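Peer 1:
Protein chains in written order, with UniProt numbering: chain A, 1 to 281; chain B, 1 to 281.
Here is the structure:
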């Protein structure tokens, strides 16, 4: 049975994404409090697989996770795109008029900003994760507290759903990466079936340095699907580039990467994998 | 006297940035609850200037503000980079052992993650802004509550500083943009002195479309200082590109923009301005 380290607990979006990605397999979750712990689990036991959110269509990229990914030396072996929907729930005995606080992950609170603005009587309180907020309220019988989480999490913890689909924007998707020890990638994905890669590199402060790199990639029929420049901590306003590319030919792609290497600094391939189709939750 | 709309209240980082940027002038603040209100103020009265955070070296870009900026039709006329430092403060009669909650803006809470992890007895609660949390605690005599804000805000609201510099990372800078009605830019900055521009455009899903654009810019000696691809809401995993460039010659830069226009879609110049030096707070 595969063991998958996620951030969050049973019922969290990471849990839902992990079960969808490995839908034909039995998996055992290792629930972590932090993203750092996902990588610690893999470092201690290379058979552990990690699954972590990397970007959301509304909140943007999880910059800290890019950092962790780069520093950990793990490899991306897959991706999954999950439709994010939020519900507000409370103890079965509570109702709208008895609520004073709403607990959830800061990103979920942000994604329900319009809903919260329409309920000024509810104080928004940060929690470590969405499902965790629901679990905490249930386990500690926190009267007057609501949680924002997925309906599946509300159901899992015996909470009453007051309203579903309270997210401001209905086009809300989170992209998750599946990561593993680099020595174990072959058992997790067929390299020959890969058509997507994530790269990171820095560039000298020279005019046109990025355009040269992207031009060479295009000559090798490598298509850019995402680019993000990230400040280098300690060197303010200098940037690392995180780039996602897609390709039809693994050989041509590899040649393209070799062709840009001398023009870049600290080029790392974070993983080669099959692109994930978008699914509704 | 210039009237400057900021997000947050007296003592907030926006206030500090506004007074530093306009250091030789008298300014009157218009304190807004939301970033949207900054743009509403400018729309109602074109003599109002706006100042808003756009990126932080640790938290990354404020994607929502990019959206607001693009949709508002306002123009960037300047930028300012502020060193962000956080302090924890409380009522003069409170102390470490009497505190149970700490209130602040979600980004500030995130930037003090290590500090908060070392104080598990303090429940982190989201507030609309850093200085606002301090003001609220003082005005409502909230015993047992602490705020995380700049020392200047703590002093402004008569709060006791328990510890300064509690931010995890000392290389923490926020970049603010100064925006105005496009008809009023000439009175706010000398276009001939400008050396930086912010552009936004989308590109067709064709191989090499971004590399062509960047190559042309480099031929015109336009240097890229930042690039961010942003998902187009409603068209998941399609991207707008936000690009900051610097140049020596305004004429050459303008020619370069004309040269890429036919290859892009919805190209907008968000503003031409002088780049801001980094300062310590």
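For every residue, glycine included, the Cβ atom is placed at its ideal position computed from N, Cα and C.
Remember, predicted model here, so these are calculated numbers, not experimental data.
(1) On the three-state DSSP scale, how would you describe residue 281 (chain A)?
(2) Could you check which residue in A:5, A:257, A:2 and A:19 has the C-alpha nearest to that of residue 282 (chain A)?
(3) Here's the rule I'm using: 16 or more other beta-carbon atoms within 10 Å means buried, otherwise exposed. How should residue 1 (chain B) be labelled?
(4) Tell me, please, whether the CB atom of residue 214 (chain A) is closer than 8 Å to any CB atom in chain B?
(5) Could you tell me the distance, in whole angstroms, from the CA atom of residue 15 (chain B) to the CA atom of residue 29 (chain B)?
(6) Assuming the contact rule is C-beta atoms closer than 8 Å, residue 101 (chain B) and residue 197 (chain B) should be a hit. Round their C-beta distance to whole Å, please.
(7) Return the CA-CA distance between residue 281 (chain A) and residue 87 (chain A), expressed in angstroms with no decimal places.
(8) What residues in its chain sit with their C-beta under 7 Å from that of residue 154 (chain B), if we drop five residues either side in the sequence?
(9) With distances taken Cα to Cα, identify the nearest neighbour of residue 108 (chain B) among B:91, B:195, B:274 and B:172.
(10) Quick one: using the 10 Å Cβ neighbour count with 16 as the cut-off for buried, is residue 163 (chain A) buried or exposed?
(11) Which residues, in order along the segment 114 to 133 of chain B, keep a beta-carbon less than 8 Å from a beta-carbon of chain A?
(12) Write down the C-beta distance between residue 284 (chain B) and residue 7 (chain B) rounded to the nearest angstrom, noting that I regard them as a contact closer than 8 Å.
(13) Any idea what DSSP makes of residue 110 (chain B), helix, strand or coil?
(14) Report yes or no: is there a C-beta of chain A within less than 8 Å of the C-beta of residue 211 (chain B)?
(15) Is residue 14 (chain A) close to chain B, meaning its C-beta is less than 8 Å from at least one C-beta of that chain?
(16) Fully enclosed by the segment 136 to 216 of chain A, which beta strand (DSSP E) runs are 3 residues long or longer?
(17) For the segment 176 to 198 of chain A, which residues have a CB atom closer than 9 Å to at least one CB atom of chain B, in sequence order?
(18) How long is the line joining the alpha carbons of residue 277 (chain A) and residue 159 (chain B), rounded to whole angstroms?
(19) For residue 170 (chain A), count neighbouring C-beta atoms within 10 Å of its own C-beta (all shown protein chains included) and say buried if the count is 16 or more, exposed if not.
(20) Using only CA atoms, which one of B:105, B:70 and B:137 lies nearest to residue 99 (chain B)?
(21) In chain B, which residues lie less than 8 Å from residue 202 (chain A) when you measure between Cβ atoms?
(22) Leaving out five residues on either side along the sequence, give the residues of the same chain with a beta carbon under 7 Å from the beta carbon of residue 216 (chain B).
(23) Closer than 8 Å, CB to CB, is residue 27 (chain B) near chain A or not?
(24) So which residues of chain B does residue 227 (chain A) contact, with C-beta pairs closer than 9 Å?
(25) Hey, residue 265 (chain B) and residue 203 (chain B) are a contact pair by Cβ (cut 8 Å); roughly how many whole angstroms apart?
(26) Quick check on the DSSP output: the beta strand (DSSP E) that includes residue 273 (chain B) runs from which residue to which?
(27) Looking at the C-beta of residue 267 (chain A), does it have a partner C-beta in chain B at a distance below 8 Å?
(28) What residues from chain B crowd round residue 224 (chain A), counting only those whose CB sits closer than 7 Å?
(29) Taking Cβ-Cβ distances shorter than 7 Å, what residues in chain A pair up with residue 207 (chain B)?
(30) Closest by CA to residue 58 (chain B), which one among B:185, B:179, B:241 and B:167?
(31) Tell me, please, which residues DSSP counts as bridged to residue 7 (chain A).
(32) My output table needs one value for residue 104 (chain A): the three-state DSSP class, helix, strand or coil.
(33) I think residue 126 (chain A) touches residue 124 (chain B), with their Cβ atoms under 8 Å apart; what is that distance to the nearest whole Å?
Peer 2: A quick look at the data gives this:
(1) With a pLDDT of 48 at residue 281 (chain A), under the threshold of 50, the modelled position of this residue cannot be trusted; read the value that follows with caution. Reduced to three states, the DSSP call for residue 281 (chain A) is coil.
(2) Shown here, chain A extends from 1 to 281; a query on residue 282 (chain A) therefore has no answer.
(3) exposed
(4) yes
(5) 8 Å
(6) Between residue 197 (chain B) and residue 101 (chain B) the Cβ distance is about 44 Å, and since that is not below 8 Å, they are no contact.
(7) Residue confidence is low: residue 281 (chain A) scores 48 on pLDDT, short of 50, so the model does not pin down where it sits. Its coordinate-derived value is still stated next. Cα to Cα, the separation comes out at about 13 Å.
(8) 87, 89, 134 and 161
(9) Minimum Cα distance to residue 108 (chain B) is reached at B:172.
(10) exposed
(11) 123, 124, 125 and 126
(12) The shown model of chain B, from 1 to 281, leaves out residue 284 (chain B), and the question about it has no answer.
(13) helix
(14) By this cut-off, residue 211 (chain B) is an interface position.
(15) no
(16) 145 to 149, 160 to 164, 173 to 180 and 196 to 202
(17) Across the segment 176 to 198 of chain A, no CB contact with chain B closer than 9 Å is found for any residue.
(18) 52 Å
(19) exposed
(20) B:137
(21) Here the premise fails: no neighbours, minimum Cβ distance about 13 Å.
(22) Excluding sequence positions up to five before and after residue 216 (chain B), its CB lies within less than 7 Å of the CB of 256, 259 and 260, all in the same chain and listed in chain order.
(23) No, residue 27 (chain B) lies away from the interface with chain A (no Cβ there is under 8 Å from its Cβ).
(24) 210, 227, 228, 229, 239 and 241
(25) 7 Å
(26) Following the DSSP letters along the chain, one finds residue 273 (chain B) inside the beta strand (DSSP E) bounded by residues 265 to 273.
(27) no
(28) 210
(29) 218, 221 and 223
(30) B:167
(31) A:32
(32) strand
(33) 5 Å
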